[in-house]
Amino acid sequence: MGARTFFALLVLVLGGLFAWLNWPEVTRTAPLSLGFTRVEAPLGLVLLVALGVVTLLYLLFTFGLETAALLEVRRYARELLHYKKLAEDAEQSRFTELRRYLEGKFQALREAEREELRALKEEVAETLEKHGNTLAAYIGELEDQILRLLGERKQDPGG
1 MGARTFFALL VLVLGGLFAW LNWPEVTRTA PLSLGFTRVE APLGLVLLVA LGVVTLLYLL
61 FTFGLETAAL LEVRRYAREL LHYKKLAEDA EQSRFTELRR YLEGKFQALR EAEREELRAL
121 KEEVAETLEK HGNTLAAYIG ELEDQILRLL GERKQDPGG
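In UniProt numbering, the protein residues as written are 1 to 159.
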């Protein structure tokens with residue numbers, strides 16, 4: 001219960017207590033002017049009823065305001081949940097997009113690595129072939145020199 005509602009109920013209770021304690025005076029009739037006519041009615045009772053009506057209207061107005069505020073809070077909470085879901089979906093799509101981007105980059109790196117390895121293999125094979133040919137040439141040259149030396153020794157047996 002809010003402070004304003006409690007205060008209104010307190011005023012109503014105190015007014016009722018005051019009227020009960022002074023009931024004979026509240027119900028005593030007096031001439032009252034309504035502007036265009038005069039009537040005999042208990043002034044205290046008229047004022048008490050007016051106070052009760054005003055307090056009741058105030059309570060109804062307060063209840064209506066609180067109800068409207070609660071409905072608005074509920075609507076804001078629903079909107080907030082909706083926007084939160086949209087933000088989460090957007091974040092999830094950004095993560096998905098980032099994952100695709102990174103997978104593409106990793107795939108490109110793998111392809112570049114494969115291409116580099118293939119080029120290195122070709123270069124190593126080419127270098128080995130060149131060194132093998134050079135070595136074979138050196139061996140052939142040495143063989144020729146050895147055969148020449150052996151051939152010279154056979155011709156010069158006394159040597």
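From the three backbone atoms N, C-alpha and C, an ideal C-beta is built for every residue, glycine too.
Per DSSP, what kind of secondary structure is residue 163 in: helix, strand or coil? The question about residue 163 has no answer here: the residues shown for the chain are numbered 1 through 159.
With a Cβ-Cβ cutoff of 8 angstroms, do T67 and V11 count as a contact? Counting from one through the sequence shown, the residue named residue 67 turns up at place 67. Counting from one through the sequence shown, the residue named residue 11 turns up at place 11. The answer is no: Cβ separation not under 8 angstroms.
In the DSSP assignment, the alpha helix (DSSP H) including G2 goes from what residue to what residue? Translated into the one-based positions of the sequence shown, residue 2 becomes position 2. Where G2 is concerned, there is no enclosing alpha helix (DSSP H), given that its DSSP letter is neither H nor E.
Check the C-beta distance from F32 over to A41 and give it rounded, since I have them as a contact under 8 angstroms. As a working note, residue 32 is residue 32 in the sequence shown. As a working note, residue 41 is residue 41 in the sequence shown. The sequence as given places Leu at residue 32; Phe does not occur at that position. Sure, about 5 angstroms apart at Cβ, within 8 angstroms.
Check whether the stretch 2–16 and the stretch 42–62 touch, using three or more Cβ-Cβ pairs below 8 angstroms as the test. yes
Measuring alpha carbon to alpha carbon, tell me which residue in K85, H82, K84 and A8 is nearest A51. As a working mapping, residue 51 is identified with position 51 in the sequence shown. According to the sequence displayed, residue 51 carries Leu and not Ala. Nearest C-alpha to L51: A8.
Buried or exposed (CB count within 10 angstroms, at least 16 for buried), G44: Reading the sequence shown from its first residue, position 44 is the one you call residue 44. Its Cβ being crowded by 16 or more others within 10 Å, G44 is buried.
If we ignore side chains and look at the alpha-carbon of each, how far apart do Q92 and G104 end up? By one-based count along the sequence shown, residue 92 stands at place 92. By one-based count along the sequence shown, residue 104 stands at place 104. About 18 angstroms.
Considering only their Cβ atoms, is the gap separating V26 from L48 smaller than 8 angstroms? Residue numbering aside, residue 48 sits at position 48 when the sequence shown is read from its first letter. Residue numbering aside, residue 26 sits at position 26 when the sequence shown is read from its first letter. Their beta carbons are under 8 angstroms apart, which means L48 touches V26 by this criterion.
Quick check: the Cα distance between E122 and L150, rounded to an integer number of angstroms? Here residue 122 corresponds to residue number 122 of the sequence shown, with the count starting at 1. Here residue 150 corresponds to residue number 150 of the sequence shown, with the count starting at 1. For E122 and L150, the distance between alpha carbons rounds to 41 angstroms.
Quick one: grab the DSSP three-state call for T134. For this step, residue 134 is matched to residue 134 along the sequence shown. In this structure, T134 counts as helix in the three-state DSSP scheme.
Any beta strand (DSSP E) of 3 or more consecutive residues that is wholly inside the stretch 68–150: none
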